[in-house]
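Novice:
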Amino acid sequence: MASGFGLNGGPGRCFPYWQDLLSCYIINTANSEEDGRWKCVPQKADYVECLHHGKEIAKTKAIRAAYLRRAKDSGVGFVGTPEGGKPGDAKSVGVLSK
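Heads up: the sequence shown is residues 1 to 98, going by UniProt numbering.
This is the structure in structure tokens:
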């Protein structure tokens, strides 16, 4: 499942979560109890979140929806434009100007 090697040769970003899940599973299923594998649900959730970022994506979508709703309710310009002007407007940050 998880080899432990990332794209650059080091450990993969989710490999520590996989090790936690595997150690939990081995420890809790060593005896003949059937409910031992259910003790590893939090570790499995952490590993799946690391792989797919489902909670992070949902949180980002909720924040974006709240931001757009707030901008629309306050009437601050067109909702789809970035802060500070129309799309395509160049902003000067004062680095090159004298």
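In this text, a Cβ means the ideal position worked out from N, Cα and C, and glycines have one as well.
1) Measuring alpha carbon to alpha carbon, tell me which of 66, 42, 64 and 56 ends up nearest residue 121.
2) Does the pairing of the region 41-55 with the region 2-21 give three or more beta-carbon distances under 8 Å?
3) On the CB-based measure, 16 or more other CB atoms within 10 Å of its CB, does residue 67 come out buried or exposed?
4) For a test of the three-state rule: what should DSSP assign to residue 11, helix, strand or coil?
5) In terms of residues, what are the limits of the alpha helix (DSSP H) holding residue 74?
Specialist: If we stick to the structure as given:
1) Since the displayed the chain opens at 1 and closes at 98, residue 121 lies outside it and no answer follows.
2) yes
3) exposed
4) DSSP places residue 11 in coil when its eight states are reduced to three.
5) 54-74
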